[in-house]
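Input: a single structure, listed below in structure tokens.
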Amino acid sequence: MSQEIEIEFKNLLTEEEYKRMLEELPFDPDEFFDQTNYYFETGKLLLKQHGAALRIRQKGSGWTMTLKEPHPEGLLETHDEIDEYEANLWIRNEGHAQPNITKRLNNLGIDISDLYYLGSLSTRRREISYQKTTVTLDYSRYFQTHDYELEIEADSREQGVRVFQELLSKFSIPQREAKNKIQRFYEARGRSD
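Here the sequence shown stands for residues 70 to 262, numbered as in our numbering.
The following block contains the structure:
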């Protein structure tokens, strides 16, 4: 089964903080990629009740369906690679069972026929390797809003916390609550209804 534990640390940034980090860290200004997350939920918000989220991510010509669930070390991510045709079926609420994700959804008591498409969030992402972590700067757009975010992904909580605190201190950025993208998406969706 295609699974991994995601250990990450996030902080929302102002536009000025984002630009300063982009200039002062070793990012190549011409190196970035665009990705779009397509989110799904049940009418009774069963995924949200379980602290889980289901998305399809389009990155370049690749499409990956991911179920994120709470895990003591971070988030448990379960993946299925799909093609553009299958992704579009899901977006039209006609998706088919996927081997890894359907099994996990069934464990949560969720049938794929109860899932429906909520909307999308698009991100311009820049990444660098930095002190044995991945430092990511994201500019995301969804509904009528946008935001800037710093993410640190690490193999251990200790390493991630150390680099996260070091960068916030170095750039004099206050630590801010950074809800994950699906949570921010839900809030913006609620404001746009």
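Glycine included, every Cβ here is placed at the ideal spot set by N, Cα and C.
In this structure, A122 is the residue among A122, Y199, L82 and V204 with its C-alpha nearest to the C-alpha of M134. Cβ neighbours of E110 within its own chain (closer than 8 Å, five residues either side excluded): L116, K117, L123, L184, Y185 and L187. Residue nearest to H140 within the set K88, F78 and G120 is G120 (criterion: CA-CA distance).
Here R245 carries a coil assignment [DSSP, helix/strand/coil]. DSSP, reduced to helix, strand and coil, places R193 within a strand of the structure shown. In the DSSP assignment, P168 falls within the unbroken alpha helix (DSSP H) covering P168 to N176. A Cβ-Cβ distance of about 6 Å is found for the pair F101 and R193, placing them in contact under the 8 Å criterion. Comparing C-alpha distances from L114 to each of E84, L177 and K79 shows the shortest one belongs to L177. Rounded to the nearest angstrom, the Cβ distance from I197 to F96 is 6 Å, consistent with a contact under 8 Å.
Beta-bridge partners of G143 (DSSP): H140.
Setting aside the 5 residues that flank it on each side, L158 is surrounded in the same chain by G164, each with a C-beta closer than 6 Å to its C-beta; the list follows chain order. Selection S191, A166 and S189 evaluated against D180 yields A166 as nearest (Cα-Cα). Residue environment for R260: exposed (fewer than 16 other C-beta atoms within 10 angstroms of its C-beta). Going by beta carbons, I221 and E142 fall outside the 8 Å limit.
Given a length threshold of 4 residues, each whole run of the alpha helix (DSSP H) inside the region 196 to 255 is given here in chain order: 226 to 239. When beta bridges are read from the DSSP output, A122 appears opposite K137. Less than 8 Å separates the beta-carbon of L136 from that of L174. For the 8 Å CB-CB criterion, L91 and L206 form a contact.
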